[in-house]
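Structure first, then comments.
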Ligand SMILES: N[C@@H](CCC(=O)N[C@@H](CS)C(=O)NCC(=O)O)C(=O)O
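Residue numbers (our numbering): 21 to 222.
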């Protein structure tokens, strides 16, 4: 069975939501998110970067959430929640899946890390402001892409929506302005799915 090492609110959220949508069995082991534990030899054996999450499937051990999603889809997904590989739709699917972590989550993560290392009055507003403007650019791009579509690829919900949904969940309270209308509607729709709610509680 898939075993996910997860701490509440971390990117393991994506994997839990995906498994729920696919109806796949999985086990969650809760990880102590303190810096001390994440840098302990015990955890570094499971995640050499001292980050969370990690995924174990037999001898396989992974530590990138979107790669975990792609592995689960390809190995256990029976063609669900992603277009057929090699098609134009699949290229767009990959683009949004990668965008969600490589481009959109990045400035959000920088704010989270900055506030953890420089809490309260030690926060450097210029750094946070710069990251917020990068987040806003991603949200504008998403808003444009959602024109006339309920989900990022069109009529069908896919794993790209799961990955984007997680990033929206961590971006929501870290920008000064509300989401624009299309992103707000999209966010309301995907964040009311059962899989999202299970992942949020995990
Ligand atoms: N690209 C990695 C990022 C992993 C990551 O940054 N995890 C966060 C929690 S969601 C973390 O462990 N942060 C602690 C740190 O970077 O010091 C993924 O998608 O799994």
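Where a beta carbon is used, it is the ideal one built from N, C-alpha and C, also for glycine.
Being a predicted model, the structure only gives us computed values, none of them experimental.
- About 15 angstroms separates the Cβ atoms of residue 25 and residue 92, ruling out a contact at the 8 angstroms cut-off.
- One alpha carbon belongs to residue 171, the other to residue 213, and they sit about 13 angstroms apart.
- Residue pairing from DSSP places residue 76 in a beta bridge opposite 23, 81.
- In the three-state reduction of the DSSP assignment, residue 171 falls in the strand class.
- Distances taken from the Cβ of residue 71 to the heavy atoms of ligand 1 include one shorter than 7 angstroms.
- Beta-carbon to beta-carbon, residue 114 and residue 178 are separated by about 11 angstroms, too far to satisfy the 8 angstroms threshold.
- By the Cβ rule, the region 140-155 counts as touching the region 111-131, because three or more pairs are nearer than 8 angstroms.
- Following the DSSP letters along the chain, one finds residue 108 inside the alpha helix (DSSP H) bounded by residues 108-118.
- In terms of side-chain proximity, the C-beta atom of residue 86 is found nearer than 7 angstroms to a non-hydrogen atom of ligand 1.
- Look at residue 48 here: in three-state DSSP terms it is strand.
- Taking 7 angstroms as the cut-off, one finds at least one heavy atom of ligand 1 near enough to the beta carbon of residue 30.
- Leaving aside the five residues that flank residue 45 on each side, the residues in its chain whose CB is nearer than 7 angstroms to its CB run, in chain order, 21.
- Annotation: residue 174 to residue 86 spans about 20 angstroms, alpha carbon to alpha carbon.
- A distance below 6 angstroms between beta-carbons, with the five flanking residues on each side excluded, links residue 202 to the following residues of its chain, in chain order: 163, 166.
- Shown here for residue 210: same chain residues with a beta carbon closer than 7 angstroms to its own, the five before and five after excluded, namely 181, 185, 216 in chain order.
- Nearest C-alpha to residue 31 among 122, 176, 205: 122.
- Taken through DSSP and simplified to helix, strand or coil, residue 165 comes out as helix.
- The beta carbons of residue 58 and residue 76 sit no closer together than 8 angstroms.
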